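Have a look at the structure below, then the notes.
Numbering (the numbering used here), first residue to last: 2 to 341.
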């Protein structure tokens, strides 16, 4: 799976255009959980020039989204010069309103970077914000953003239209029904990985049911994918071979998806693919469960203790279409062939 790359800025707005900045850093899953919020902001400001400030790894992906006119890369690390450049850029941006969906001390400091003088209306946790962050403890991330934006006068607009997120898959998609396996996650969080041999065992069971296991992820997941394919020769290895847009198209066609607490699983859930997230003690489902019309999760303290039986039982697939009873030559249901 690859993330599109691109320049860190877009067309500058005309001087009379309302200017909005949206801040959301983090990983792919963090951005996916903000899709509904991004749509709500755009619909609240339909004619505004809206800029997204995000991590450098997702600038290209941000530029494919229909809600933003420009995308800036947030400086990482503690380089003072980088923050001075960001301060200069923020002040020159002339923003009227800033929606801080990150709500961390780091981004709250950006509010003060924009002084002295006039500061934009700020929605978030920064002290002095025009729209302070409401009490959101105990809420799911999706509801946190909704409550924050409603407090700033941005109404909820429902699930985001993700029709823009699609890519040609061609021969990547196997013939017949398939299930996506997402065995990876952040390399520095190994405790969030269900063992690869369990994915392989699950893949063999899926193959016995006529379903092709399709392994997706990034190059960082190469070892896990190779282990799965070695122990489950019916599996198709697409690790490192799909863009996010292609992954979205595969998710729309898949019978289901199962994976760790990682960005692609949030994406499959948002797209309506029946999705099962496998969680360790590290993940709080009350806050970070996948959000979607057919998403669920299974959690244990230590993923080494999670068996294949439990995952197979929890995995839901798309319902088979009801094609009705077989009809005999007389126009009546053919009871000899199973119709009742």
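From the three backbone atoms N, C-alpha and C, an ideal C-beta is built for every residue, glycine too. Keep in mind it's a predicted model, so treat the numbers as computed, not measured.
With a 10 Å radius around its C-beta and 16 neighbouring C-beta atoms as the bar for buried, classify residue i as buried or exposed.
| i | result |
| --- | --- |
| residue 169 | exposed |
| residue 314 | exposed |
| residue 275 | buried |
| residue 81 | exposed |
| residue 89 | exposed |
| residue 86 | exposed |
| residue 193 | buried |
| residue 255 | buried |
| residue 94 | buried |
| residue 106 | exposed |
| residue 139 | exposed |
| residue 184 | buried |
Would you mind working out which of the options sits nearest residue i, comparing C-alpha positions?
| i | options | result |
| --- | --- | --- |
| residue 110 | 305, 128, 201 and 261 | 128 |
| residue 179 | 206, 185, 165 and 186 | 206 |
| residue 55 | 233, 27, 269 and 88 | 27 |
| residue 37 | 295, 158, 210 and 319 | 158 |
| residue 124 | 295, 114, 23 and 234 | 23 |
| residue 211 | 227, 224, 225 and 236 | 236 |
| residue 312 | 195, 294, 286 and 241 | 195 |
| residue 165 | 260, 261, 285 and 66 | 66 |
| residue 171 | 116, 234, 244 and 97 | 244 |
| residue 268 | 46, 286, 191 and 290 | 290 |
| residue 260 | 58, 44, 304 and 51 | 304 |
| residue 191 | 130, 262 and 253 | 262 |
| residue 121 | 58, 130 and 97 | 97 |
| residue 45 | 130, 150, 107 and 106 | 150 |
| residue 25 | 108, 119 and 83 | 108 |
For residue i, which residues from the same chain have a beta carbon less than 8 Å from its beta carbon, with the 5 sequence-adjacent residues on both sides left out?
| i | result |
| --- | --- |
| residue 302 | 281 and 282 |
| residue 309 | 199, 202, 203 and 206 |
| residue 146 | 34, 35, 37, 38 and 102 |
| residue 223 | 240 and 241 |
| residue 163 | 36, 249, 271 and 272 |
If we ignore side chains and look at the alpha-carbon of each, how far apart do residue i and residue j end up?
| i | j | result |
| --- | --- | --- |
| residue 174 | residue 19 | 43 Å |
| residue 265 | residue 251 | 11 Å |
| residue 230 | residue 238 | 7 Å |
| residue 78 | residue 213 | 43 Å |
| residue 197 | residue 220 | 15 Å |
| residue 297 | residue 49 | 37 Å |
| residue 176 | residue 272 | 21 Å |
| residue 300 | residue 161 | 27 Å |
| residue 117 | residue 241 | 46 Å |
| residue 225 | residue 284 | 21 Å |
| residue 321 | residue 31 | 32 Å |
| residue 1 | residue 209 | This structure cannot settle anything about residue 1, because the visible part of the chain is limited to 2 through 341. |
| residue 307 | residue 270 | 22 Å |
| residue 47 | residue 232 | 52 Å |
| residue 295 | residue 279 | 15 Å |
| residue 76 | residue 277 | 34 Å |
| residue 12 | residue 234 | Residue confidence for residue 12 is low, a pLDDT of 45 falling below 50, so the modelled location carries little weight; the figure read from the coordinates is stated next. In a straight line, the C-alpha of residue 12 is about 49 Å away from that of residue 234. |
| residue 319 | residue 253 | 11 Å |
Starting from the C-beta of residue i, find all residues in its chain whose C-beta is less than 7 Å away, skip the five residues before and the five after it, and write them out in chain order.
| i | result |
| --- | --- |
| residue 152 | 132 and 135 |
| residue 167 | 246, 249 and 250 |
| residue 143 | 34, 37 and 292 |
| residue 92 | 115 |
| residue 104 | 125, 126 and 134 |
| residue 83 | 76 |
Taking a contact to mean a Cβ-Cβ separation below 8 Å, would you say residue i touches residue j in this structure?
| i | j | result |
| --- | --- | --- |
| residue 68 | residue 112 | no |
| residue 257 | residue 199 | no |
| residue 21 | residue 155 | no |
| residue 181 | residue 215 | yes |
| residue 137 | residue 2 | no |
| residue 287 | residue 141 | yes |
| residue 51 | residue 70 | yes |
Leaving aside the five residues before and after residue i along the sequence, list all residues of the same chain whose C-beta is less than 6 Å from its C-beta, in chain order.
| i | result |
| --- | --- |
| residue 72 | 53, 60, 63 and 64 |
| residue 228 | 197 |
| residue 57 | 74 |
| residue 130 | 123 |
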